[in-house]
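Scroll down for the structure; my scribbles are underneath it.
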Amino acid sequence: MKLTFTAADEQFREEVADWLNDNLRDEFADIRYRGGPGDEHHFVDERKAWERRLAAGRWTCIGWPDTWGGRAASIEQQVIFHEEYARAGGPGRMGHIGDTLTGPTLLAFGSEEQKAKYLPPIRDGVAFWSQGYSEPGAGSDLAAIRTKAVQDETSGQWKITGQKVWTSLAHESDFVFVLARVDRESSRHHGLGFFLVALDQPGVTIRPITQLTGTAEFNEVYFDDAVCDADDIVGAPGDGWKVAMGLLGFERGVSTLGQQMLFQTELDEIIRIARANGASRDPDIRQRIAEAHIGLKTMRYNSMRMLSGGEDGSLSREAMIYKLYWSSWHRNLGKLAMDVLGPEAELIESGPYELNKLQSLFLFTRADTIYGGTNQIQRNLIAERALGMPKEPRGQGM
Amino acid sequence: MKFAFTDEQQMLRDTSQAFLADKSTSAAVRAACVSPEHHDAELWQSICEEMYWQGILIPEHVDGLGLGWVEMAIVLEAAGERLLTSPLFAVAQSTAALLGCPASEMRDLLLSSLAAGNVISLAMGNQSGGWDSVGVTANETSTTTVLSGEARFVPFGFAAAKLLVVARDASNTLTLWVVDPQQDGVFVEPTPTMDQTRPMATVRFERAAVSSDQLLATQADELVSDTLALSRILTVADQVGVAQASLDISVDFTKERKQFDRTIASFQAIKHKAADMMLKAESARSLLYYAACTADAWLAGEVDRDALHEAAYMASACASDAAFFNAGCGIQMHGGVGITEEYDIQLYFKRARATESYLGRPSEMREAIACQLLDGDVA
């Protein structure tokens, strides 16, 4: 059992830190620490330019194989990259869905033509992706998808009709991957297809969803006979569920330590305010700040165990608790921030409704325990998969 | 970076669990609790002769195994899982104290004695039960030094061949002595405990004369506080075992118990409780092994005392909460039988309570962290 990185990994860390120090400045100085969750709608053009700079330094898609312009970075190196990126204040990655979801999916399930067509623009930081999974009637119950894809028998082209929702930054993206039903008679996870769809076309309408923060990162995406070429379905028609579930396993937690670095920045800010305004003398606040500190360390060592786990990609017990842990912790942190600020927390600094960082933290962390699998769903998964308790009974239809 | 067990550590875990599954059964634990010796002396003997757990932390040159804190944690976690009723914690705690003492013939003698399976207990608790002050004084007379006062909560003190005694001297600094429980002026009384798996004693000193060769350490304030931190890590290991076992036996129970024509494990109200319990147990386990690695790093001179103490505070706060939460939820999941003597969940519940505040309440651990984060100068 060893908690330190090897000398080679530490050297890699230095290389990352040096590059970021040399590049995340001048025209990119303003986007440091910006564009994270709750702030994703800011500095979009600058962050796209930053993706091209990253690409020039070979710092996009580092987990991909050399053949496709990656670095074939080890799990440790990817962790280090994310840590240093967060430490340097690297902005929210516009390219992260392409880098961590579309890319690995195509590498695992895509055809050679699909790889050649889609991977280089992601790697070069010029094509941006969003994901089309959830629908108004398919949230926690993803297999209830109703969006349809119909193939034209002569041209082979697919036409997609339906609605996706909670599509982050669709209005700033070039492509969306869409899970849609290819077999009209099918139900649940059978008969689905996984499609690569260009967003800039007449059959696609994107409407932003204004959130409780007053900002809009999420969208509704309407497909009305949107066109997708015959070559742009990943895997066979009917294999969509398999592809989609494979995708969920790719991330393997390499970004978790980087995420925690951002959490640490938020906690540090709350501690700074508590010391300045005297909240640090309140016994309850003291307990909660200590609890938050302990929770963040817990998250770190949970992650380290998860990252040290089996190479077979199977989801360990530590991995299964990760989402439930961080989302609950972060939501509590948002409330702690408000309680430390007291009445000051109410005041809007600039109008009409420009929230400061901690106000957005408080409001936006209410989404953390919902997206990507609600806490209730996470608890079901833990109970069923890790503890072997019986599955939830299914309803009998409407 | 490999925050996972080595093959040898995994093997130690497997053999420890297998040994205790066989030897520390529910019936064996219950028998040990009510035996005149408050433990199963035969079991302790086989632990010492077959498993050699008492020697894990003891260096090889004094007959120990020379292993580390991760290994010690692995065994104590398994002990917690099976409610092991034995002097293992007491012995590990005394070993930790002795390792912090300056080298001396007496120290090595005591370490060898521990390695041979003799019980040595550490007496440092004061009269009020807090751990930040000491209830025994060491006063020099014209001819000798005498110990007076009372040390409570001494683990397995009634079974100890020797006692390590923390005493405050006239200059108000701490000293560490070794005394024979049979010697004049030393009175050891077993104290019945609500959790019968962790028996304790009160040791009273009435002008007990001690000689200079019984003195193990002077200026021992840091030694005592470091020993306390290490003792917390030992306790955390036990709590992680209790948290895990409480989860496991409760989930097993709910998979058997039927109501409304289905197992109660199929109800979401039960599943979600179990999921929360697993989250607590796994989190406490992560901090346990972080703290154990930190203890090893501290002994190797790689990190400072502050790192050791912080790790112990954090792990203790987290594991105390986890063990109590899980055992408490476990009773609820058992329903009516959870409060009967017959089912084991009540034994875990009592052990969780006993360890929760044994070396300081979770709120005290958090307050210590808060002091570090919120008081003093900004770095």
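Residue numbers (my numbering), protein chains in the order written: chain A, 1 to 398; chain B, 1001 to 1379. We put the CB at the ideal spot given by N, CA and C, even for glycine.
For M1072 (chain B), the closest C-alpha among the options B:V1062, B:E1081 and B:A1092 is that of B:A1092. I1058 (chain B) carries a coil assignment under DSSP once its states are collapsed to helix, strand and coil. Sequence-distant Cβ neighbours of K1350 (chain B) in its own chain, meaning closer than 7 Å and more than five residues away, are M1194 and D1195. With a threshold of 16 other beta carbon atoms within 10 Å, N380 (chain A) meets it and is buried. Within the same chain, and ignoring the five residues on either side of P1102 (chain B) in sequence, the residues whose Cβ sits closer than 7 Å to its Cβ are A1217. For R1168 (chain B), the secondary structure class from DSSP, reduced to helix, strand or coil, is strand. Per DSSP, reduced to three states, the secondary structure at F1187 (chain B) is strand. Within 10 angstroms of the beta-carbon of G1241 (chain B) lie 16 or more other beta-carbons, which makes it buried.
Burial state of I382 (chain A) is buried, judged by a 10 Å Cβ sphere holding 16 or more other Cβ atoms. Less than 8 Å divides the Cβ of Y1289 (chain B) from the Cβ of V1070 (chain B).
Under the three-state reduction of DSSP, D225 (chain A) is assigned to strand. If you ignore the 5 residues before and after S360 (chain A), its C-beta comes within less than 6 Å of the C-beta of G38 and T213, all in its own chain and listed in chain order.
The continuous stretches of alpha helix (DSSP H) do not include G238 (chain A), which lies in the beta strand (DSSP E) extending over residues I233 to G238. If you ignore the 5 residues before and after T1173 (chain B), its C-beta comes within less than 8 Å of the C-beta of T1218, Q1219, A1220 and D1221, all in its own chain and listed in chain order.
Interface flag for R379 (chain A) against chain B is set, since a Cβ pair is found closer than 8 Å.
When Cβ-Cβ separations below 8 Å define contact, G309 (chain A) makes contact with chain B. DSSP places R1305 (chain B) in the uninterrupted alpha helix (DSSP H) bounded by R1305 to H1334.
With distances taken between CA atoms, P202 (chain A) lies nearest to A:K159 out of A:S255, A:A230, A:K159 and A:Y371. For M299 (chain A), the CB contacts under 7 Å within the same chain, skipping 5 residues up- and downstream, are Q260, Y325, W326 and W329 in chain order. In chain order, H82 place their CB closer than 7 Å to the CB of S255 (chain A), counting only its own chain and leaving out the 5 sequence neighbours on each side. Taking all protein chains shown into account, S1283 (chain B) has 16 or more neighbouring C-beta atoms within 10 Å of its C-beta and is therefore buried.
Under DSSP, no beta-bridge partner is assigned to S111 (chain A). In the DSSP assignment, L1065 (chain B) falls outside any alpha helix (DSSP H), carrying neither H nor E.
When DSSP reads this structure, R181 (chain A) sits in a beta bridge with A:K148 and A:L192. If you draw a straight line from the Cα of I348 (chain A) to the Cα of L355 (chain A), it comes to about 6 Å. Scanning chain B for C-beta atoms nearer than 8 Å to the C-beta of K323 (chain A) yields nothing, as the closest lies near 11 Å away. Burial check for S1046 (chain B): the Cβ neighbour count within 10 Å stays below 16, so the residue is exposed. Put simply, of B:T1137, B:Q1239, B:A1018 and B:Y1313 the residue whose alpha carbon is nearest the alpha carbon of T1175 (chain B) is B:T1137. Taking 9 Å as the Cβ-Cβ cut-off, the segment 1003-1031 of chain B approaches chain A at F1003, A1004, F1005, T1006 and Q1009, given in chain order. At least one beta carbon of chain B lies nearer than 8 Å to the beta carbon of T298 (chain A). The alpha-carbon separation between L1299 (chain B) and G1066 (chain B) amounts to approximately 12 Å. Contact between E220 (chain A) and Q163 (chain A) is confirmed by a C-beta separation of about 6 Å, below the 8 Å threshold.
When C-beta atoms of the segment 182-193 of chain A are compared with those of the segment 236-251 of chain A, three or more pairs fall below 8 Å, so the two segments count as touching.
A distance below 8 Å separates the beta carbons of L1147 (chain B) and V1210 (chain B). Of the other Cβ atoms in all chains shown, fewer than 16 fall within 10 Å of the Cβ of A1269 (chain B); this residue is therefore exposed. For R1305 (chain B), no CB of chain A lies under 8 Å from its own CB, so it is not counted at the interface with that chain.
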